[in-house]
Amino acid sequence: MLEGDATIWQILLNPFELFVIPFNIWMDELLSWLVENYRWFFQLLRMPVDYVLVNIERVLQSIPQLVMMVIAWLVGWQVSDRRTTLFVLISMAVIGLVGAWAEAMTTLALVITAVFFCVLTGLPLGIIISRSEKIEKLVRPVLDAMQTTPSFVYLIPVVMLFGVGNVPGIIVTITFALPPLIRLTVLGIHQVPYDVIEAAYAFGATEKQIMFKIKIPLALRTIMAGINQTLMLSLSMVVVASMIAVGGLGQMVLRGIGRLDVGQAAVGGLGIVLMAISLDRLTQAMGQAPRLRGTRHWYERGPVFMVIKWWRKKKGLTE
Amino acid sequence: MSVMKERETTCGPPPEPGIPPIECRNLWKIYGARDQEALAAMKKENLNKEQVLERFGCGVGVVDASFSVNQGEIFCIMGLSGSGKSTLVRHVNRLIDPTAGSVLIEGQDINQMSFEQLRQVRSQKIGMVFQNMALLPHKNVRQNVAFSLELRHISREERNRVAQKALETVHLAEWGESYPDELSGGMQQRVGLARALAADPGILLMDEPFSALDPLIRRQLQDQFLELSEKMNKTTLFITHDLDEAIRIGNRIAIMKDGVLVQIGTPEEIVTHPADAYVADFVAGISRLHLVYAQTVMKGPEYFEKNHPGVSLENCPESTPDADLDTLIDIMVGTDKKYISIMDCGQCVGVVTRGALLRGIQGKETSIEGV
Chain A
814 MLEGDATIWQ
824 ILLNPFELFV
834 IPFNIWMDEL
844 LSWLVENYRW
854 FFQLLRMPVD
864 YVLVNIERVL
874 QSIPQLVMMV
884 IAWLVGWQVS
894 DRRTTLFVLI
904 SMAVIGLVGA
914 WAEAMTTLAL
924 VITAVFFCVL
934 TGLPLGIIIS
944 RSEKIEKLVR
954 PVLDAMQTTP
964 SFVYLIPVVM
974 LFGVGNVPGI
984 IVTITFALPP
994 LIRLTVLGIH
1004 QVPYDVIEAA
1014 YAFGATEKQI
1024 MFKIKIPLAL
1034 RTIMAGINQT
1044 LMLSLSMVVV
1054 ASMIAVGGLG
1064 QMVLRGIGRL
1074 DVGQAAVGGL
1084 GIVLMAISLD
1094 RLTQAMGQAP
1104 RLRGTRHWYE
1114 RGPVFMVIKW
1124 WRKKKGLTE
Chain B
16 MSVMKERETT
26 CGPPPEPGIP
36 PIECRNLWKI
46 YGARDQEALA
56 AMKKENLNKE
66 QVLERFGCGV
76 GVVDASFSVN
86 QGEIFCIMGL
96 SGSGKSTLVR
106 HVNRLIDPTA
116 GSVLIEGQDI
126 NQMSFEQLRQ
136 VRSQKIGMVF
146 QNMALLPHKN
156 VRQNVAFSLE
166 LRHISREERN
176 RVAQKALETV
186 HLAEWGESYP
196 DELSGGMQQR
206 VGLARALAAD
216 PGILLMDEPF
226 SALDPLIRRQ
236 LQDQFLELSE
246 KMNKTTLFIT
256 HDLDEAIRIG
266 NRIAIMKDGV
276 LVQIGTPEEI
286 VTHPADAYVA
296 DFVAGISRLH
306 LVYAQTVMKG
316 PEYFEKNHPG
326 VSLENCPEST
336 PDADLDTLID
346 IMVGTDKKYI
356 SIMDCGQCVG
366 VVTRGALLRG
376 IQGKETSIEG
386 V
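Protein chains in written order, with our numbering: chain A, 814 to 1132; chain B, 16 to 386.
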């Protein structure tokens, strides 16, 4: 190989043929080191996630199907219009009729837990990031990496650190679904018009008051859009996460594909689609300002308003 | 300031001036990374705006502005867009930090204050009204008006009561539950005014409050504001690009051009003695009838006797030094005499001849004509 000028030139012109950084070996070693020394830390992280997930799932699974539909009807009535409510109810009926109810409830519990922890961490992170351009510059590539790294790449390390099951599934889901919430929180806060902030300063507001009385309320609609995005991404990730033994509709799809059982895969797929559309419409309606729907406050309509009216009437009668 | 006192024709001694609520001393604002260099160069070489931009890449906001606003006075700063007037007013509550110079609020330098002290001053001593209203879209009108009180953690009941009172003063008592976007522009600006008044500050900063409104509403609000400010005796710094508005509203006017305060004076001084061609150009179209007073067009009694020997002022109509040309015309039209004697505290202090009155309306110097 190393004979004559031509070969030397070839080496000089293609240096990467000779010199390769052993990145893969480093990562292997890093992971092994983490697993050996810090597994306890990751196991500790499991606990709160596990606790929330188990409880939400227990509640969802224990509610009878018809009661669940009544709850969905009330929620739909409160936050959205009649068409959306009807769509949600029909979707639930279809999911029940094709025999995917229990799996759907598991998936719902997973999604709710994932979104819960996303909001719990993403909202404060977004607020902190919005306050400093430096931090934003540092965090942005991390968010990019979280969103673009193929999920299969971190599925295995997550299993090594957290084990298999629903909880690591949620960790993976959070990794994937968190960035849009942070991004949109930052965007929403940056979009608050400066003249309103200036006015608040002129009347003697503190930094904290500016954040909580001006910026966050005015960014709320964008933040709600972020929560909606997080929810959608969670739902899609929960399916991929079925590869590390996460239950629910995704598991149905995976098992169906594995056994070439197109029927079962289709049932799971249908359930996911119906659930995605239902949750999307409901959360989008929540993000809408109540005044666009003809009332000043959210409690001036729907079942809550009925209860208030009934209560006022009762109080009026007894007085 | 001396002219201010002359206009109040009280016979007793003038009131003690005391500490002015607002005072700016040699205030400079230059934007850009090399602001200190630019400042030194401007002080030394008398550069203009374009030269500073070219040499230092800095924008000039305010150039060596000094003025003080007296208790209860309405002080107008008038200039075209880009003249730095909005920048200047934002120094008064330190929304902008100056490059050099100081701002004293009731004698205290606010640029030396901690953020906490500054906040106290902003929330209790200074109210501000903005050109674009800047109402909070997520709060209803009453909550908007009560905002400065909310920031001070005053109880809900108390601040609703105060807000309601403030809304009554701007005739919007019925609108507390509405949201800003449900109100017309004029009403929104009245909410803005109520918000500034709610904390009962001694100082009002008004940054082109009526500029975005149509002429009819603007005039109504000007009248309403004048009525209010007479009642409440607030010290007001009023920014406008409209000379008519400045003259209608201001006790004194400062004309601003390219960051420089070109002239400060009463409306009468500015109209009768413009400092330079720029100001003269501005005031050319302004009617003098309500701006020029007897004291400006009258001649002293000795001068009158010298030029009109043997003319008796008996039976001539009388007026006061603070009567404007409009009033003098009415008097002159209603008499067959050629002279009005100007009386102050029972003494004749001057005479307005028919010729002097006509010259006064014209805006020409009277002395050289020998009328």
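For every residue, glycine included, the Cβ atom is placed at its ideal position computed from N, Cα and C.
From a predicted model like this one, the values you see are computed outputs, not experimental measurements.
Next on the checklist: Tell me the residue span of the beta strand (DSSP E) that contains I218/B.
Outcome noted: 218-222
Next on the checklist: What residue range does the beta strand (DSSP E) around Q362/B cover?
Outcome noted: 362-368
Item to check | W886/A versus W1111/A: straight-line alpha-carbon distance, rounded | outcome: 17 Å
Next on the checklist: Against chain B, with Cβ distances strictly below 7 Å, would P963/A count as a contact?
Outcome noted: no
Next on the checklist: To the nearest angstrom, how far is the alpha carbon of R369/B from that of L252/B?
Outcome noted: 38 Å
Next on the checklist: So I1027/A and I940/A are supposed to be a Cβ contact under 8 Å. How far apart are they, rounded?
Outcome noted: Not a contact, Cβ separation roughly 13 Å.
Item to check | Contact list for N147/B against chain A, beta-carbon separation under 8 Å | outcome: D1008
Next on the checklist: Less than 7 Å between the beta carbons of A227/B and A209/B, yes or no?
Outcome noted: no
Next on the checklist: Using a 10 Å radius around the Cβ and a threshold of 16 neighbouring Cβ atoms, would you call N979/A buried or exposed?
Outcome noted: buried
Item to check | Distance CB(E121/B)-CB(S83/B) smaller than 7 Å | outcome: no
Item to check | Rounded C-alpha distance that separates F1016/A from K140/B | outcome: 10 Å
Next on the checklist: Let me see if you follow: with CB-CB separation under 7 Å, is N248/B close to chain A or not?
Outcome noted: no
Next on the checklist: Can you give me the C-alpha to C-alpha distance between I376/B and Q310/B, rounded to a whole angstrom?
Outcome noted: 14 Å
Next on the checklist: Give me, in chain order, the residues of the same chain whose beta-carbon lies closer than 6 Å to that of V275/B; leave out the 5 immediate sequence neighbours on both sides.
Outcome noted: V78
Checklist entry - Which residues share a DSSP beta bridge with K314/B? => result V366/B
Item to check | Positions along the stretch 936-956 of chain A whose CB lies within less than 8 Å of some CB in chain B | outcome: none
Checklist entry - On the premise that Q203/B lies in contact with M143/B, defined as a C-beta separation below 8 Å, what is that separation, rounded to the nearest angstrom? => result With 8 Å as the limit, M143/B and Q203/B do not qualify as a contact, their Cβ atoms being about 15 Å apart.
Checklist entry - Listed from N- to C-terminal order along the chain, which residues in the stretch 1023-1044 of chain A have their beta-carbon within a distance smaller than 9 Å of any beta-carbon of chain B? => result K1026, I1027, P1030, L1031, L1033
Next on the checklist: By the three-class DSSP mapping on this structure, what secondary structure does V1117/A have?
Outcome noted: helix
Checklist entry - Residues of chain A with a CB under 7 Å from the CB of F162/B: which are they? => result F1016
Checklist entry - Since I357/B contacts C331/B with CB under 8 Å, what's their CB separation in whole angstroms? => result No, I357/B and C331/B are not in contact; Cβ-Cβ is about 10 Å, not under 8 Å.
Next on the checklist: Quick test of the definition: if touching needs 3 or more C-beta pairs under 8 Å, does the stretch 915-923 of chain A touch the stretch 853-870 of chain A?
Outcome noted: yes
Item to check | Bridge-paired residues (DSSP) for A958/A | outcome: Answer is none; A958/A lacks a bridge partner.
Next on the checklist: On the DSSP letters alone, give me the boundaries of the beta strand (DSSP E) that S387/B sits inside.
Outcome noted: With chain B running from 16 to 386 in the structure shown, residue 387/B is simply not present.
Item to check | Beta carbon proximity, A1012/A to chain B, threshold 7 Å | outcome: yes
Next on the checklist: Which residue marks the beginning of the alpha helix (DSSP H) containing W839/A, and which one marks its end?
Outcome noted: 836-875
Checklist entry - DSSP three-state call for D102/B: helix, strand or coil? => result Note on residue identity: the sequence assigns Thr, not Asp, to residue 102/B. The answer is helix: DSSP assigns T102/B an H, G or I state.
Next on the checklist: On the DSSP bridge list, what partners appear for V118/B?
Outcome noted: C39/B
Checklist entry - G74/B and R49/B look like a contact to me (Cβ under 8 Å); what is the Cβ gap, rounded to whole Å? => result Their Cβ separation, rounded to whole angstroms, is 11 Å, which puts G74/B and R49/B out of contact at 8 Å.
Checklist entry - Which residue from Q123/B, N108/B, I45/B, I125/B puts its Cα closest to that of S98/B? => result I45/B
Next on the checklist: Between which residues of its own chain and R137/B is the CB-CB distance below 6 Å, once the five residues before and five after are set aside?
Outcome noted: N108
Checklist entry - Is the number of C-beta pairs between the stretch 946-961 of chain A and the stretch 1084-1092 of chain A that are closer than 8 Å three or more? => result no
Checklist entry - Which two residues bound the contiguous alpha helix (DSSP H) that contains K246/B? => result 230-247
Item to check | Residue of P970/A, I995/A, R1114/A minimising C-alpha distance to L843/A | outcome: P970/A
Checklist entry - DSSP on A990/A, reduced to helix/strand/coil? => result helix
Checklist entry - Assuming W4/B and A161/B make a contact with CB atoms under 8 Å, what is their CB distance in whole Å? => result As shown, chain B starts at 16 and ends at 386. That puts residue 4/B outside it, with no answer to give.
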